[in-house]
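Report on the following structure.
Below you can see the structure in the form of structure tokens.
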């Protein structure tokens with residue numbers, strides 16, 4: 001059974017995650033100076049998040065958006081949940097091909113702090129939403 005039952009549920013959780021991350025400028029500073037636009041394509045449920053690092057503050061858009069992204073990341077919602085709950089290794093998932101990327105990965109290094117911050121806040125938010133799993 002998938003972790004997320006609908007795109008709406010996924011978006012509700014992710015909105016809280018990125019709102020919390022954006023509250024701490026030190027976590028998004030490198031990304032905000034990167035001039036990157038990152039699109040996360042998620043499966044099961046099908047969803048899309050666009051992170052805009054072209055100018056402060058960090059903006060996260062939920063749902064399909066027109067335009068090009070500098071980096072596209074594709075993974076399942078269950079895998080994202082497992083990564084941010086600490087149940088899966090990002091490195092292993094990347095090398096296993098469960099995380100697919102398109103674009104300049106070297107520039108994407110600016111995104112690391114944003115994702116580490118999301119990983120720190122995600123378990124409490126997932127717990128509040130009744131999502132399964134323990135870190």
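Numbering (the working numbering), first residue to last: 1 to 135.
Just so you know, even glycine gets a beta-carbon here, dropped at the ideal spot from N, CA and C.
**Alpha-carbon to alpha-carbon, residue 123 and residue 135** = With a pLDDT of 44 at residue 135, under the threshold of 50, the predicted position of this residue should be treated as unreliable, though the coordinate-derived value follows. The straight-line gap from Cα to Cα measures roughly 8 Å.
**Prompt:** Considering only residues of the stretch 37–86, which uninterrupted beta strand (DSSP E) runs meet the minimum length of 3 residues and lie entirely inside it, listed in chain order?
**Reply:** 37–43, 47–52, 59–62 and 71–76
**Contact set for residue 51: own chain, Cβ-Cβ below 6 Å, skip 5 residues either direction** = 38 and 60
**Request:** Could you work out which residue in 49, 128, 12 and 24 is closest to residue 67 when comparing CA atoms only?
**Result:** 49
**Asked** residue 58: buried (16+ other C-beta within 10 angstroms of its C-beta) or exposed?
**Response** buried
**Prompt:** Taking DSSP as the reference, what is the three-state secondary structure of residue 102?
**Reply:** strand
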